[in-house]
(Lines of atoms letter the chains of each structure in order from A and count residues from 1; the text may use other names and numbers.)
(Lines give C-alpha, C1' and ligand atoms only; values in the text may rest on other atoms or scores of the structure.)
Protein backbone atom coordinates (compact mmCIF):
# COMPACT_ATOMS: atom_id res chain seq x y z
CA UNK A 1 0.00 0.00 0.00
CA UNK A 2 1.23 3.46 -0.92
CA UNK A 3 0.92 5.36 2.36
CA UNK A 4 3.83 7.69 1.61
CA UNK A 5 2.94 10.62 -0.60
CA UNK A 6 4.91 10.67 -3.83
CA UNK A 7 6.92 13.75 -4.70
CA UNK A 8 5.30 16.14 -7.15
CA UNK A 9 8.07 15.80 -9.74
CA UNK A 10 7.52 12.03 -9.81
CA UNK A 11 3.73 12.38 -10.08
CA UNK A 12 4.04 15.01 -12.79
CA UNK A 13 6.40 12.74 -14.74
CA UNK A 14 3.89 9.88 -14.48
CA UNK A 15 0.95 12.04 -15.58
CA UNK A 16 2.84 13.39 -18.57
CA UNK A 17 3.81 9.85 -19.55
CA UNK A 18 0.16 8.75 -19.28
CA UNK A 19 -0.82 11.65 -21.52
CA UNK A 20 1.85 10.68 -24.05
CA UNK A 21 0.85 7.01 -24.10
CA UNK A 22 -2.96 7.38 -24.06
CA UNK A 23 -3.46 10.94 -25.30
CA UNK A 24 -5.41 12.05 -22.22
CA UNK A 25 -5.33 12.23 -18.41
CA UNK A 26 -8.48 10.23 -17.57
CA UNK A 27 -6.57 7.75 -15.43
CA UNK A 28 -8.52 4.59 -14.59
CA UNK A 29 -8.87 4.33 -10.81
CA UNK A 30 -7.20 0.89 -10.81
CA UNK A 31 -4.40 1.85 -13.18
CA UNK A 32 -0.88 0.85 -12.10
CA UNK A 33 2.04 1.92 -14.26
CA UNK A 34 3.50 -1.15 -15.96
CA UNK A 35 7.19 -1.94 -16.22
CA UNK A 36 7.34 -1.16 -19.94
CA UNK A 37 9.77 0.93 -22.02
CA UNK A 38 7.05 3.50 -22.79
CA UNK A 39 7.08 4.56 -19.14
CA UNK A 40 9.97 6.14 -17.16
CA UNK A 41 11.57 3.50 -14.98
CA UNK A 42 11.31 5.63 -11.84
CA UNK A 43 7.48 5.46 -11.96
CA UNK A 44 7.11 1.72 -12.61
CA UNK A 45 4.62 0.22 -10.18
CA UNK A 46 3.11 3.58 -9.22
CA UNK A 47 -0.62 3.38 -8.46
CA UNK A 48 -1.38 6.35 -10.66
CA UNK A 49 -5.14 5.73 -10.67
CA UNK A 50 -5.30 6.12 -6.90
CA UNK A 51 -3.13 9.24 -7.00
CA UNK A 52 -5.27 10.80 -9.74
CA UNK A 53 -8.38 10.06 -7.68
CA UNK A 54 -6.88 11.83 -4.68
CA UNK A 55 -6.06 14.84 -6.85
CA UNK A 56 -9.58 14.96 -8.25
CA UNK A 57 -11.62 14.25 -5.12
CA UNK A 58 -9.41 15.01 -2.10
CA UNK A 59 -7.44 18.06 -3.25
CA UNK A 60 -4.05 16.34 -3.26
CA UNK A 61 -1.22 18.42 -4.78
CA UNK A 62 -3.51 21.46 -4.77
CA UNK A 63 -0.41 23.66 -4.49
CA UNK A 64 0.34 22.64 -8.10
CA UNK A 65 -3.15 23.49 -9.40
CA UNK A 66 -1.85 25.79 -12.16
CA UNK A 67 0.40 23.07 -13.55
CA UNK A 68 -2.36 20.46 -13.37
CA UNK A 69 -4.79 22.72 -15.21
CA UNK A 70 -2.13 23.54 -17.78
CA UNK A 71 -1.65 19.81 -18.41
CA UNK A 72 -5.40 19.41 -18.94
CA UNK A 73 -6.07 17.33 -15.82
CA UNK A 74 -9.82 16.46 -15.79
CA UNK A 75 -11.08 17.89 -12.52
CA UNK A 76 -14.71 17.29 -11.56
CA UNK A 77 -16.92 19.22 -13.95
CA UNK A 78 -20.16 20.95 -13.02
CA UNK A 79 -21.77 19.42 -16.09
CA UNK A 80 -24.18 16.55 -15.49
CA UNK A 81 -25.12 13.73 -17.77
CA UNK A 82 -28.58 15.06 -18.56
CA UNK A 83 -27.14 18.38 -19.77
CA UNK A 84 -25.32 16.68 -22.64
CA UNK A 85 -27.46 16.64 -25.78
CA UNK A 86 -27.48 13.63 -28.07
CA UNK A 87 -25.80 15.77 -30.74
CA UNK A 88 -22.97 16.61 -28.29
CA UNK A 89 -22.44 12.93 -27.49
CA UNK A 90 -22.32 12.07 -31.21
CA UNK A 91 -19.73 14.78 -31.85
CA UNK A 92 -17.69 13.57 -28.90
CA UNK A 93 -17.77 9.99 -30.23
CA UNK A 94 -16.68 11.15 -33.69
CA UNK A 95 -13.74 12.99 -32.12
CA UNK A 96 -12.93 10.00 -29.90
CA UNK A 97 -12.75 7.71 -32.93
CA UNK A 98 -10.59 10.26 -34.77
CA UNK A 99 -8.11 10.34 -31.85
CA UNK A 100 -8.06 6.67 -30.81
CA UNK A 101 -9.14 4.83 -33.95
CA UNK A 102 -12.05 2.97 -32.31
CA UNK A 103 -15.20 3.47 -30.25
CA UNK A 104 -14.52 1.10 -27.35
CA UNK A 105 -15.25 3.87 -24.86
CA UNK A 106 -14.37 3.14 -21.21
CA UNK A 107 -17.16 3.63 -18.68
CA UNK A 108 -15.29 6.37 -16.81
CA UNK A 109 -14.32 8.41 -19.89
CA UNK A 110 -14.90 12.16 -19.54
CA UNK A 111 -13.99 14.59 -22.33
CA UNK A 112 -10.80 16.31 -21.13
CA UNK A 113 -10.24 20.05 -21.09
CA UNK A 114 -7.47 19.98 -23.70
CA UNK A 115 -7.00 21.76 -27.05
CA UNK A 116 -7.59 18.48 -28.91
CA UNK A 117 -11.28 18.58 -27.94
CA UNK A 118 -13.93 21.23 -28.74
CA UNK A 119 -14.38 23.49 -25.74
CA UNK A 120 -18.15 23.01 -25.58
CA UNK A 121 -17.61 19.25 -25.04
CA UNK A 122 -15.23 19.57 -22.07
CA UNK A 123 -16.52 17.65 -19.08
CA UNK A 124 -19.16 15.61 -20.95
CA UNK A 125 -19.33 12.15 -19.35
CA UNK A 126 -19.48 10.19 -22.58
CA UNK A 127 -18.54 6.86 -20.98
CA UNK A 128 -21.24 7.09 -18.30
CA UNK A 129 -23.85 7.98 -20.91
CA UNK A 130 -23.15 5.16 -23.34
CA UNK A 131 -23.19 2.67 -20.44
CA UNK A 132 -26.54 4.02 -19.18
CA UNK A 133 -29.49 2.01 -20.61
CA UNK A 134 -32.00 4.77 -19.75
CA UNK A 135 -30.15 7.14 -22.13
CA UNK A 136 -31.00 5.12 -25.23
CA UNK A 137 -34.15 4.76 -27.21
CA UNK A 138 -34.43 2.66 -30.36
CA UNK A 139 -33.34 5.29 -32.91
CA UNK A 140 -30.45 6.54 -30.73
CA UNK A 141 -29.13 3.04 -30.15
CA UNK A 142 -29.35 2.20 -33.86
CA UNK A 143 -27.59 5.42 -34.88
CA UNK A 144 -24.71 5.05 -32.42
CA UNK A 145 -24.17 1.39 -33.35
CA UNK A 146 -24.07 2.42 -37.01
CA UNK A 147 -21.25 4.83 -36.08
CA UNK A 148 -19.30 1.87 -34.70
CA UNK A 149 -20.03 2.30 -30.99
CA UNK A 150 -19.58 -0.95 -29.14
CA UNK A 151 -22.57 -1.20 -26.77
CA UNK A 152 -22.29 -3.79 -24.00
CA UNK A 153 -24.85 -6.61 -24.55
CA UNK A 154 -26.27 -6.11 -21.05
CA UNK A 155 -26.79 -2.38 -21.65
CA UNK A 156 -28.39 -3.05 -25.04
CA UNK A 157 -30.81 -5.65 -23.65
CA UNK A 158 -31.77 -3.36 -20.75
CA UNK A 159 -32.30 -0.42 -23.12
CA UNK A 160 -34.48 -2.59 -25.39
CA UNK A 161 -36.54 -3.81 -22.44
CA UNK A 162 -37.02 -0.27 -21.13
CA UNK A 163 -38.05 0.96 -24.59
CA UNK A 164 -40.63 -1.82 -24.90
CA UNK A 165 -42.01 -1.11 -21.43
CA UNK A 166 -42.31 2.63 -22.11
CA UNK A 167 -43.84 2.27 -25.59
CA UNK A 168 -47.53 3.35 -25.68
CA UNK A 169 -50.07 0.66 -26.46
CA UNK A 170 -51.61 0.65 -29.93
CA UNK A 171 -55.35 1.46 -30.33
CA UNK A 172 -56.08 -2.20 -31.01
CA UNK A 173 -54.25 -3.32 -27.87
CA UNK A 174 -56.09 -0.69 -25.80
CA UNK A 175 -59.43 -1.88 -27.17
CA UNK A 176 -58.58 -5.51 -26.37
CA UNK A 177 -57.56 -4.50 -22.86
CA UNK A 178 -60.83 -2.67 -22.28
CA UNK A 179 -62.83 -5.66 -23.62
CA UNK A 180 -60.99 -8.09 -21.30
CA UNK A 181 -61.48 -5.76 -18.33
CA UNK A 182 -65.24 -5.43 -19.04
CA UNK A 183 -65.63 -9.19 -19.42
CA UNK A 184 -63.79 -9.79 -16.16
CA UNK A 185 -66.06 -7.35 -14.29
CA UNK A 186 -69.17 -9.00 -15.69
CA UNK A 187 -67.97 -12.48 -14.88
CA UNK A 188 -67.31 -11.60 -11.26
CA UNK A 189 -64.42 -12.64 -9.04
CA UNK A 190 -62.71 -15.90 -9.82
CA UNK A 191 -62.04 -18.55 -7.25
CA UNK A 192 -58.35 -18.65 -6.44
CA UNK A 193 -56.56 -21.89 -7.11
CA UNK A 194 -54.79 -23.50 -4.17
CA UNK A 195 -51.14 -22.43 -4.07
CA UNK A 196 -49.89 -25.75 -2.81
CA UNK A 197 -50.67 -27.54 -6.07
CA UNK A 198 -47.99 -27.10 -8.75
CA UNK A 199 -48.00 -28.04 -12.40
CA UNK A 200 -46.11 -31.13 -13.37
CA UNK A 201 -42.97 -30.87 -15.43
CA UNK A 202 -39.67 -29.09 -15.03
CA UNK A 203 -40.08 -25.49 -13.79
CA UNK A 204 -38.29 -22.68 -15.65
CA UNK A 205 -34.83 -21.96 -14.34
CA UNK A 206 -34.19 -25.57 -13.38
CA UNK A 207 -30.85 -27.29 -12.83
CA UNK A 208 -30.23 -27.81 -16.55
CA UNK A 209 -30.78 -24.11 -17.36
CA UNK A 210 -28.52 -23.01 -14.49
CA UNK A 211 -25.83 -25.40 -15.69
CA UNK A 212 -26.07 -23.94 -19.22
CA UNK A 213 -25.74 -20.37 -17.87
CA UNK A 214 -22.72 -21.34 -15.78
CA UNK A 215 -21.02 -23.02 -18.73
CA UNK A 216 -21.68 -19.98 -20.95
CA UNK A 217 -20.19 -17.64 -18.31
CA UNK A 218 -17.09 -19.81 -17.94
CA UNK A 219 -16.62 -19.95 -21.73
CA UNK A 220 -16.89 -16.15 -21.95
CA UNK A 221 -14.31 -15.69 -19.18
CA UNK A 222 -11.90 -18.14 -20.81
CA UNK A 223 -12.30 -16.37 -24.15
CA UNK A 224 -11.24 -13.07 -22.55
CA UNK A 225 -8.26 -14.70 -20.80
CA UNK A 226 -7.17 -16.46 -24.00
CA UNK A 227 -7.34 -13.22 -26.01
CA UNK A 228 -5.36 -11.40 -23.29
CA UNK A 229 -2.63 -14.08 -23.28
CA UNK A 230 -2.33 -13.99 -27.07
CA UNK A 231 -2.09 -10.19 -26.98
CA UNK A 232 0.53 -10.37 -24.21
CA UNK A 233 2.65 -12.73 -26.27
CA UNK A 234 2.27 -10.47 -29.31
CA UNK A 235 3.39 -7.42 -27.29
CA UNK A 236 6.16 -8.93 -25.17
CA UNK A 237 7.17 -12.05 -27.14
CA UNK A 238 6.59 -14.49 -24.26
CA UNK A 239 4.07 -15.55 -21.63
CA UNK A 240 6.17 -14.84 -18.55
CA UNK A 241 3.45 -12.64 -17.06
CA UNK A 242 4.44 -10.72 -13.95
CA UNK A 243 2.30 -11.47 -10.89
CA UNK A 244 0.99 -7.89 -10.59
CA UNK A 245 0.46 -7.27 -14.31
CA UNK A 246 -2.86 -5.64 -15.24
CA UNK A 247 -3.99 -5.31 -18.87
CA UNK A 248 -3.96 -1.58 -19.72
CA UNK A 249 -6.98 0.34 -20.99
CA UNK A 250 -7.32 2.26 -24.26
CA UNK A 251 -4.53 0.44 -26.07
CA UNK A 252 -5.49 -0.88 -29.50
CA UNK A 253 -3.14 -3.86 -29.24
CA UNK A 254 -5.19 -5.22 -26.33
CA UNK A 255 -8.73 -6.65 -26.82
CA UNK A 256 -11.50 -4.53 -25.33
CA UNK A 257 -12.87 -7.48 -23.30
CA UNK A 258 -9.54 -7.81 -21.46
CA UNK A 259 -9.11 -4.17 -20.39
CA UNK A 260 -8.40 -3.99 -16.66
CA UNK A 261 -7.96 -7.77 -16.37
CA UNK A 262 -5.50 -8.77 -13.61
CA UNK A 263 -3.68 -11.10 -15.96
CA UNK A 264 -0.79 -11.79 -13.59
CA UNK A 265 -3.14 -13.06 -10.92
CA UNK A 266 -5.04 -15.19 -13.48
CA UNK A 267 -1.80 -16.80 -14.66
CA UNK A 268 -0.82 -17.60 -11.06
CA UNK A 269 -4.17 -19.31 -10.56
CA UNK A 270 -3.67 -21.31 -13.77
CA UNK A 271 -0.22 -22.44 -12.56
CA UNK A 272 -1.59 -23.56 -9.20
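In the numbering used here, the protein residues as written are 9 to 280.
No residue lacks a Cβ here, since even glycine has one placed at the ideal position from N, Cα and C.
If you're wondering where the values come from, they're calculated on a predicted model, not measured in any experiment.
Based on Cα-Cα distance, which residue from the options lies nearest to residue i?
i: residue 275; options: 256, 247, 266; result: 247
i: residue 252; options: 73, 41, 77; result: 41
i: residue 254; options: 14, 20, 52; result: 52
i: residue 124; options: 161, 155, 54, 27; result: 27
i: residue 95; options: 77, 39, 137; result: 137
i: residue 105; options: 75, 31, 280; result: 31
i: residue 156; options: 98, 79, 45; result: 98
i: residue 102; options: 241, 262, 134, 77; result: 134
i: residue 139; options: 71, 152, 130; result: 152
i: residue 128; options: 117, 149, 100; result: 100
i: residue 131; options: 36, 81, 48, 270; result: 81
i: residue 263; options: 77, 158, 164, 117; result: 158
i: residue 93; options: 236, 280, 33, 148; result: 148
i: residue 34; options: 49, 43, 79; result: 79
i: residue 121; options: 154, 161, 77, 37; result: 77
Note the first and the last residue of the continuous alpha helix (DSSP H) segment covering residue i.
i: residue 16; result: 16-30
i: residue 95; result: 94-108
i: residue 77; result: 73-79
i: residue 247; result: Note, residue 247: premise wrong, no alpha helix (DSSP H); not H, not E.
i: residue 123; result: Here residue 123 belongs to no alpha helix (DSSP H), and DSSP marks it neither H nor E.
i: residue 146; result: 146-155
i: residue 65; result: 56-66
i: residue 138; result: 134-138
i: residue 276; result: 271-279
Taking only beta-carbon atoms, is residue i less than 8 Å away from chain B?
i: residue 25; result: Protein chains in the displayed structure number just one, and chain B is not present.
Can you tell me the Cβ-Cβ gap for residue i and residue j, rounded? I've got them flagged as a contact below 8 Å.
i: residue 272; j: residue 249; result: 5 Å
i: residue 37; j: residue 61; result: 5 Å
- Query: Are there three or more Cβ pairs, one per stretch, closer than 8 Å when the stretch 56-72 is compared with the stretch 104-121?
  - Reply: no
- Query: Would you say the stretch 16-24 touches the stretch 229-239, given that touching needs at least three Cβ pairs under 8 Å?
  - Reply: no
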